[in-house]
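S.K.:
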Amino acid sequence: METFIAGLGNLIQLGGIGGSLAFLLLGYNLLRKELSYTAPGPNGTRATPNTKTLNAIKHFLKISMTYFLVGVAAQILLSVKFVAIVGFVKDWIKTDISRAAINEFEVDRQKKVVDVRIGSTGPNEDGYIPNSARDDYDIVVAFGPTSNIPDMERMFPFASGPYPFPIQAPPKISTTIEDAKWPLISDQCVKVVLFGVPKNSIKSADLASGFNASSHSNVRSLRWAINGPSDKNC
């Protein structure tokens, strides 16, 4: 559907140029036809061209040429302006949003340690926070076995934070899993999610038993990644 609309838009833009060319060709044929009537006859005499007809054809050709030149100029200007607008929007997006990234996510199943390194990234990632509000958020790192329950509604049994946002020096967060809780992820696909939470709304002690976004207000899911055993297709 999008391809059809784009093609239709291009057709409309080029329609003016194509129509002007058609009128120019028509005017040229009319002028040639009119001049053919003034060709020398059998006795060598040449008929006088009809001045009104010639003037009308010339006027028609001038108008067609004007439309053609205006159409070409408009096509060039619109293309340049569109590129400029797209560039402006891209630059605005890059400077107006802040994003969190998962630079590293490893599950050491022998040592029972989960390592997560977080940082900042560009505008091609999923979640973001407007720069105007970035100082109002902290980052919570939560992980647990993958689930069909949406991240914003489920309970993650492991969590750490809060970390300041935007992230200046990407920290590496190592979590050693207690033996009692290790079976939760020992042979499972593990999902880690970076949540943006309102600043000072959560303390480290609040995350001792995990994190559930639905229990807090104004939480944003910013980024996620999955890690699993070699024998599982995560």
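Position 187 of the sequence shown, counting from 1, maps to 187 under the UniProt record's numbering, and the rest follow consecutively. Where a beta carbon is used, it is the ideal one built from N, C-alpha and C, also for glycine.
Taking 8 Å as the cut-off, decide whether the C-beta atoms of V140 and P162 are in contact.
M.R.: Yes.
S.K.: Give every residue of the same chain whose Cβ lies closer than 6 Å to the Cβ of E106, excluding the five residues on either side of it in the sequence, and list them in chain order.
M.R.: Excluding sequence neighbours, E106 sits near D115.
S.K.: So, using beta-carbon positions, are F211 and F156 closer together than 8 Å?
M.R.: Cβ distance < 8 Å, so F211 and F156 count as in contact.
S.K.: Considering only DSSP beta bridges, list what N227 is partnered with.
M.R.: N227 is bridged to V190.
S.K.: Look at D136 and P198 and say whether their C-beta atoms are less than 8 Å apart.
M.R.: For D136 and P198, yes; Cβs fall inside 8 Å.
S.K.: For I118 versus A101, is the C-beta spacing smaller than 8 Å?
M.R.: Cβ atoms of I118 and A101: closer than 8 Å.
S.K.: May I ask you to report which of helix, strand or coil DSSP gives D108?
M.R.: The answer is strand: DSSP assigns D108 an E or B state.
S.K.: For S160, which residues in the same chain have their Cβ closer than 7 Å to its Cβ, ignoring the five residues on either side in sequence?
M.R.: Excluding sequence neighbours, S160 sits near V141, I173, T175, L207.
S.K.: Does DSSP put residue 235 in a helix, in a strand, or in coil?
M.R.: With the chain represented from 1 up to 234, any question about residue 235 goes unanswered, as that position is not in the structure.
S.K.: Rounding to the nearest angstrom, what Cα-Cα distance links T66 and K58 in this structure?
M.R.: Roughly 12 Å between the two C-alpha positions.
S.K.: Relative to the C-alpha of D138, which residue among E178, I202, S209 is closest?
M.R.: Nearest C-alpha to D138: I202.
S.K.: Go through its chain and collect everything with a Cβ distance to N218's Cβ below 6 Å, but skip five positions before and after it.
M.R.: If we look at N218 and ignore the five residues flanking it on each side, its Cβ neighbours are P198.
S.K.: Give the single residue among A225, F158, T51 whose Cα lies nearest to the Cα of E178.
M.R.: The candidate whose alpha carbon is nearest that of E178 is F158.
S.K.: Closer than 7 Å to a non-hydrogen atom of the ligand SAM - does that hold for the CB of Q110?
M.R.: Absent from the structure shown: the ligand SAM. Ligands present: none.
S.K.: Helix, strand or coil: how does DSSP classify K203 here?
M.R.: Here K203 sits in coil by DSSP.
S.K.: Between which two residues does the beta strand (DSSP E) carrying G144 extend?
M.R.: Segment 137 to 145, the beta strand (DSSP E) holding G144.
S.K.: In angstroms with no decimal places, state the Cα-to-Cα distance between S214 and G144.
M.R.: Their Cα atoms are separated by approximately 16 Å.
S.K.: Quick check: the Cα distance between Q110 and S186, rounded to an integer number of angstroms?
M.R.: If I take the Cα positions, the gap works out to 9 Å.
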